[in-house]
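Shown next, in structure tokens, is the structure this report addresses.
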Amino acid sequence: MSPAASVFDRSFMYGDSLYEVARTYEGRFFFLEEHLIRMGKSAELCKMSLSQPLSLYRAECEKTLAAFQAQPGMRNIEAYCRIIVSRGTGKIGFGTENLISPTTFFIICQPLSPPNEAQFEKGFQYQVVNRLRNAPNALDPAMKSGNYLNSLLACLEATKEGHDDALLCDGQGF
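This is how it looks when you write it as structure tokens:
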């Protein structure tokens, strides 16, 4: 059974979270340390003070991967690992004075689903959608934020039209 997140978790209430993704090659993480360093930089960009050291995230990723690989049939399956860090739980309101917990995190490992041979042969169809990419001065794209609604809506627009994914332009049409 998965641990439950509070309805007062800021990731749930405001999308106030960060994420990082790492994958395995031959059953071992690929550049996990670099992903964790980037997560630390994302935390700085969104003014989030991580309550846990990066070494704890590394250890928990390894532990989660080991549990994933211990499942029947998963020993030789490549894994996708997602780390989600929330600013914490608290009372309703944006200010940090409303926080009542330190940052919280979840780690998810699931089988990696890379494109198969048929998909490589066929290729992927992308659609330039009407939705604009968030402006860097609104939501810095260098920050891997859990607030992914704009990209999700763009993907829904593209897949509704039969495409595999979306391409978003900035406000200048690039």
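The numbering of the sequence shown is my numbering, which starts it at 64 and goes up by one. Glycine included, each C-beta is placed from N, C-alpha and C at the ideal position. The structure presented is a predicted model; accordingly, all values stated were derived computationally and were not measured.
query, result
"Inter-residue Cα distance where the pair is Arg194 and Ala133", "42 Å"
"Local Cβ density within 10 Å of Thr159, reported as buried at 16 or more and exposed below that", "exposed"
"Cβ-based burial, Tyr211 [other Cβ within 10 Å; buried from 16]", "exposed"
"Buried or exposed (CB count within 10 angstroms, at least 16 for buried), Phe237", "exposed"
"Beta-carbon spacing of Ile140, Pro174 below 8 Å", "yes"
"Neighbourhood of Gly153 by C-beta, 8 Å cutoff - its chain only, sequence neighbours within 5 removed", "Phe71, Arg73, Asn161, Leu162, Ile163 and Ser164"
"Per-residue burial, Gly151 [other beta carbons within 10 Å of its own, 16 or more giving buried]", "buried"
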